[in-house]
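Chemist: First the structure, then my questions, so here it is.
Numbering (my numbering), first residue to last: 801 to 924.
As structure tokens, then:
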């Protein structure tokens, strides 16, 4: 992803988010931004016993900003029950990005649980 002229890989962002005790899984996607070119939108699955709230959302944005730099602060952090994954447990970022932007996600026959696409869409 190219954000404000700087490159960052989704794995860097995701590992920063998963480093928080409340987050079990995360996915980061780049979405169009008029100023930065691309902005980060992150989707997090929480560990049992943790509730999604604004304080946690703010803490996760701050965590990414501190670890990777202010220009990489996510525009959005959204909480979902599960991420769209293949049967081999690979997170389908392409599908997440398309669903978030309201586009057709294309072929989703490899997804383990296609209901996760709608959950990402509703998270917006």
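Note that CB positions come from ideal geometry on N, CA and C, so glycine has one too.
Contact between the segment 854-867 and the segment 881-894 is defined here as three or more beta-carbon pairs at a separation below 8 Å; is this criterion met?
Modeler: Contact between the segment 854-867 and the segment 881-894 is absent, because fewer than three Cβ pairs lie under 8 Å.
Chemist: I need the DSSP call for residue 858, collapsed to helix, strand or coil.
Modeler: Helix.
Chemist: Less than 8 Å separating the beta-carbons of residue 860 and residue 820?
Modeler: Yes; because the gap between Cβ atoms is below 8 Å, this pair is in contact.
Chemist: Residues in the same chain with beta-carbon distance under 7 Å from residue 874, minus the five sequence neighbours each way, listed in chain order, please.
Modeler: Only 840, 841, 842, 861, 864 meet the Cβ criterion.
Chemist: Residue 920 and residue 877: beta carbons closer than 8 Å?
Modeler: No, Cβ-Cβ distance for residue 920 and residue 877 is not below 8 Å.
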